[in-house]
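Undergrad:
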Amino acid sequence: MTAKTTLFAGGILVDGLGSDPVRGDVLVEGDRIVRVTDGTEKLEADRIIAIPGLILAPGFIDMHTHSDLQVLVQPDHTSKITQGVTTEVLGQDGLSYAPIDEATLAELRAQLKGWNDDPPGFDWNWRSVAEYLKRLDGNTAVNTAYLVPHGNLRMLVMGNAPRLATSDELEQMKALLRTALEEGGVGLSTGLTYVPAMYSDTDELVALCEVVAEYGGFYCPHHRNYGLDALGGYRECFEIARRSGVALHLAHTHLSFECNRGKLPELLKMLDDAIADGVDLTFDSYPYLAGMTTLLSQLPSWALAGTGAEQMARLRSPEDRAKIIEALDVIGSDGHQGLTVNWSTVHVVGTPGVPELEWVMATDLATAAAKAGKRPAEFALDLLVATERSAPCVFFIGHEEHVRALMQRDEHTVGSDGILVGDRPHPRSWGTFPRMLETYVREEKVLTLAECVRHMTSTAANRLRQPDRGRIVEGAKADLVVFDHLTVKSHATYEVPRQAASGIFHVMVNGELALEDGQMTGRRAGRVIRMPA
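Residue 432 in UniProt numbering sits at position 432 of the sequence shown, with consecutive numbering throughout.
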């Protein structure tokens, strides 16, 4: 058991609030920080952890994750604890596992297999948000907060119908949302390039966000377009926030694809204008140039309407396949941000259930298709049929100058967007936070250490309305990380992504050491974080 009191002695304190690093000691009792000193005061403790020359900071908050199922399958959560992460925000991109009923669970298990797997024998012993959060609370190594997924609300009320909601259906969604927020949801997420949320309009989203605003939550959109009309996608987010009064947190904010090179000043002006208009705005981003999602989601929306069985039938139909290929290669697919697909930028990173296709992961999809003697789009559809729609993929589409400029904004927080399953998941799942410290603080000096830690801690905690997390102050929750800022390093790569960082030594969650001297302890002190009343 962890000692009743623990003293971190002789460290360099980076308080998470942006203050300059200072030498100091921190005393923890139970799950709280009870004393913060400059090191000259003699403190007694049941246990003393000497950390001379090392940084003591608040635990990092991952504002965008896809661990909704894997945090239960692998509750020690090594991928995040070894990065110094103590809190994750789940329920992202408008699709997750609560609230659900029997029919939606069956569809979501298949649709989200590429994000979270579908482990055989897993106990799906919840249907409501309250039941899901009860399953999480005290059973995971990290704290968790949950966004209510817009796609789930739509599926419960109207399935995957490719149309606007009626007024009665919208009222049903609002009622489901109220219940989910009362049960512990911290806001609403949308996935407006994913089925079924992509069938909604702005008015539907405003109406739902008005409910979120009543409860003091925030709106977290995967917005409608990150490609051909990326600025239009952002513009809709700001309109929704202005009309509804909801706090806005933009998910995985980037301006990628070649068509958007050089357009960042326009996005930055939108951010400034929204703030000037009183929008309560934050956003997250990850420090990589590649994105990751499912291959299925790149298809045109009409091909993804209805049930999984209906989708599979279209993937096998010669007529429908020809129309899908035309959208992917000639016209542009709304699932691929309105663009045609540059298959040389696409890397399939998992072939679940089909080991004979693992060779595809060795190269980009265009090259793999050539080896198979097929057109890339045709080969992609074959992969979807073979993997029952669950193949994940990585897209190399980013612009380094955009990544750097966005992370320097005061509103910036860090989100890994980490998907933990697949043969070769994106390295951001294991490396996001140490990469921030290694590359953008120590090597490139894009941010100071104090600025970077603030973005990864108190700025995120403030968005979650948790004034006692994300900072080293007396009375705060004892979520802490100890690392060497001179040596911290991410080892996760695209080829070998499941590699823990080095230079991170201790991670404490609610007063319990989840990582001690660089080794996982197996302690699971994570709690569910809810919005205050």
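Note that beta-carbon positions come from the ideal geometry of N, C-alpha and C, so glycine has one too.
The structure presented is a predicted model; accordingly, all values stated were derived computationally and were not measured.
Would you check if the region 305–319 and the region 380–397 touch, i.e. whether three or more CB-CB distances between them fall below 8 Å?
TA: With the cut-off at 8 Å, the region 380–397 and the region 305–319 touch.
Undergrad: Using the rule of at least 16 other Cβ atoms within 10 Å of the residue's Cβ for burial, across every protein chain shown, is residue 88 buried or exposed?
TA: Under this definition residue 88 is a buried residue.
Undergrad: Determine the direct distance from the alpha carbon of residue 382 to that of residue 371, and round the result to whole angstroms.
TA: Taking the straight line from one Cα to the other gives about 14 Å.
Undergrad: How would you write the range of the beta strand (DSSP E) that residue 220 sits in, first residue to last?
TA: Segment 218–222, the beta strand (DSSP E) holding residue 220.
Undergrad: Looking at the secondary structure, which residues open and close the beta strand (DSSP E) in which residue 162 lies?
TA: Unbroken run through residue 162: none, as it is neither H nor E.
Undergrad: CA-CA distance, residue 312 and residue 29?
TA: One C-alpha to the other measures close to 55 Å.
Undergrad: By how many angstroms is the C-alpha of residue 355 removed from the C-alpha of residue 78?
TA: Cα to Cα, residue 78 sits roughly 26 Å from residue 355.
Undergrad: When you compare only the Cα positions, how much space is there between residue 444 and residue 495?
TA: Cα to Cα, the separation comes out at about 24 Å.
Undergrad: Going by the DSSP bridge assignment, what does residue 35 pair with across the sheet?
TA: Per DSSP, 27.
Undergrad: Give the straight-line distance between the Cα atoms of residue 255 and residue 7, rounded to the nearest whole angstrom.
TA: Near 44 Å, if we compare the C-alpha coordinates of residue 7 and residue 255.
Undergrad: Rounded to whole angstroms, what is the Cα-Cα separation between residue 1 and residue 227?
TA: Only weak support exists for where residue 1 lies, its pLDDT of 44 falling under 50; the coordinates are left without a value.
Undergrad: Can you tell me whether residue 317 is helix, strand or coil according to DSSP?
TA: In this structure, residue 317 counts as coil in the three-state DSSP scheme.
Undergrad: Taking the DSSP output, what are the residues bridged to residue 62?
TA: DSSP output for residue 62 lists 88 as bridge partner(s).
Undergrad: For the beta strand (DSSP E) containing residue 146, list its first residue and its last residue.
TA: It spans 143–149 - the beta strand (DSSP E) in which residue 146 sits, taken as one unbroken run.
Undergrad: Given 8 Å as the limit, is there contact between the region 347–366 and the region 398–407, that is, 3 or more CB pairs closer than that?
TA: Cβ pair count under 8 Å is below three, so no.
Undergrad: CB-CB under 8 Å to residue 519, same chain, minus the five flanking residues each way: which ones, in chain order?
TA: Answer for residue 519: no residue qualifies.
Undergrad: Alpha carbons only, please: which of 109, 432, 150, 448 is nearest the one belonging to residue 287?
TA: Minimum Cα distance to residue 287 is reached at 432.
Undergrad: Over the uninterrupted beta strand (DSSP E) stretch that includes residue 50, give me the two end residues.
TA: Here the beta strand (DSSP E) through residue 50 covers 47–50.
Undergrad: Report the rounded CA-to-CA distance for residue 249 versus residue 301, giving the unit in angstroms.
TA: Residue 249 and residue 301: Cα-Cα distance of roughly 25 Å.
Undergrad: Is it buried or exposed for residue 614, if we count other Cβ within 10 angstroms and need 16 for buried?
TA: What the structure shows of the chain is the stretch from 1 to 533, and residue 614 is not part of that stretch, so it cannot be assessed.
Undergrad: Going by Cα to Cα distance, which pick from 5, 33, 142 is closest to residue 65?
TA: Of the listed residues, the one whose Cα sits closest to residue 65 is 142.
Undergrad: Out of curiosity, what's the CA-to-CA distance linking residue 282 and residue 270?
TA: When rounded, the distance between both Cα atoms is 13 Å.
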